[in-house]
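Written below as structure tokens is the structure these notes are about.
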Amino acid sequence: MHARTVRGAVRTAAAAAAVTGTLMWAPAATAQPSQPTPSAAPAKTPAADTGSITITKKDTAGDILPGAAFLLLDSAGQEIGRGKTDAQGTLTFPDLPPGVYRLKETASGSPLHEVAADQDVIVTPGATTRLTITDPFKAAKVLLQAKDDKTGKLLTGATVNIGSGDETLLTLTTGAKGTVSGELPVASRKAEFWVRQIKAPKGYDLYKPAKTFAAGPGAPVTVTVTNAKTATTPKPDPSGKPADKPAPTPSTPENKPAHDSSGGTSLAAPGSATPNADPSLPATAAPDEATPKAPEGSLAHTGADATPWLLGVGGLLVAAGSGALIAARRRKPADPVQDSNGETS
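FYI, in mature numbering (1 follows the signal peptide of the UniProt record, and there is no 0) the residues of the sequence shown are -31 to -1, 1 to 314.
Okay, structure coming up:
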């Protein structure tokens, strides 16, 4: 049956060809099996002889630091890669041939932190080298000044220690202007510190209380200590005498030598005139005038240096008193004698 159908079709085609003069062959359509679609290329896997470096960035307080920029150099100083830490503070350099690399931090990504120091990193085949890099906080700027507690005058030569806990972090000494600056290491965003004076300025007492103050990374802070002047006491006299006792003043007698017309010097007895003594009369003195009296209103003078002067003055007083007494007796007229009638004879 199938053969007949085929032969009939051939005859029909031949007849048509005879009519048109053109022979056309139209093969019957057949279904072809679909070809498999090529699969996607497999993901590239790291070669077994390469390694990698993974960085985790933190600060001294333990907080992660995103945005820190790093540069990786090979042993010849050629740049191998660069990048920044992500929100988790991590950065990876993959597919690195084994060897020694130089890691440089170019920016901390924070205004409060310094960059870490450069370091060498060793990469081994098929392994990841993991690093935790810590950025230090910027140091606080400290200005120390020492002042007089009364006048406020700035003082030179004051030395203080500044620290935290049991550790001394900074030692400063004020200069000629009474001030000094320094950088104080800071381990957190805000820290407490103490100040102790270990040497006072010359002529001042030591400032003994311990002061405290707060400081932050990169922030300026002023620290002031005050000193009181040292009290002065008078030094003792090596001779044993009080230093403020006035020296004794020699007393001066009331009766001073008087010069007569002949050029000689004589002393008048108290309460009497100065007569011209007769040199022919013997020098005698009344019992009560033999010893000169000390002038009133003066203090007795002590000391070996005044003895000859007192002896000379005493001798002059005795001689003058004797001469005056004798002269007065010679010139005195006889007292008149009155009788019983009151008349003078």
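Backbone N, C-alpha and C fix where the C-beta goes; we use that ideal spot for every residue, glycine too. As the structure is a computational prediction, the values presented were derived from the model and not from experiment.
Find out if the Cβ-Cβ distance for the pair L112, T191 is shorter than 8 Å.
yes
Check whether the region 55 to 70 and the region 112 to 122 touch, using three or more Cβ-Cβ pairs below 8 Å as the test.
no
Determine the direct distance from the alpha carbon of A96 to that of D104, and round the result to whole angstroms.
26 Å
Check A183 in the structure and name its three-state DSSP category.
strand
By the DSSP assignment, the beta strand (DSSP E) with E83 in it spans what residues?
Per DSSP, E83 belongs to no beta strand (DSSP E) and is neither H nor E.
Quick test of the definition: if touching needs 3 or more C-beta pairs under 8 Å, does the region 78 to 87 touch the region 27 to 45?
yes
Using DSSP's beta-bridge definition, name the partner residues of K27.
I33 and T103
Measure the alpha-carbon distance for K53 versus K159 and round it to whole angstroms.
27 Å
Where does the unbroken beta strand (DSSP E) through A76 begin, and where does it stop?
G68 to A76
Suppose you measure from the CA of D28 to the CA of Y173; what does that come to, to the nearest Å?
43 Å
Coarse secondary structure for A200, derived from DSSP in three states
coil
Nearest-angstrom Cα distance between D43 and L65?
10 Å
What first and last residue would you give for the beta strand (DSSP E) that runs through L175?
L175 -> no beta strand (DSSP E), and no H or E assigned at all.
Exposure label - V77; buried when at least 16 CB within 10 Å:
Strictly speaking, residue 77 in this sequence is Ser, with Val absent from that position. Label assigned to S77: buried.
Assign A127 to one of three DSSP states: helix, strand, or coil.
coil
Please go through the same chain and pick out, in chain order, the residues whose beta-carbon is closer than 6 Å to the beta-carbon of P63, but skip the five residues on each side of it.
S21
Would you tell me roughly how many angstroms separate the C-alpha atoms of Q128 and K110, rounded to the nearest one?
The question names Gln, but residue 128 is Thr in the sequence shown. For T128 and K110, the distance between alpha carbons rounds to 17 Å.
Buried or exposed for G290, going by 16 or more other Cβ atoms inside 10 Å?
buried
Below 6 Å CB to CB, which residues in the same chain sit around G50 once its five sequence neighbours on both sides are set aside?
L41 and F62
What does the alpha-carbon distance come out to for the pair P186 and T202?
48 Å
Spell out the partners DSSP gives A115 in its beta bridges.
V194
6 Å Cβ shell around A263 - same chain, five flanking residues per side excluded
Confidence at A263 is low in this model, with a pLDDT of 49, below 50, so its placement is unreliable and no value can be given for it.
Considering only residues of the same chain and omitting the five flanking positions on each side of L175, which have a CB-CB separation below 7 Å?
Q166 and A169
Pull the bridge partners of A109 from the DSSP assignment, please.
L153
Quick one: give me the first and last residue of the beta strand (DSSP E) that G52 is part of.
E48 to K53
Where does P94 sit, in a helix, a strand or coil, going by DSSP?
coil
Determine the closest residue to D89 out of K122, G126, F106 and R71, with distance taken between C-alpha atoms.
R71
Chain-order list of residues whose beta-carbon lies under 8 Å from that of P94 (same chain, five-residue window excluded)
A17, D18, T19, G20 and P67
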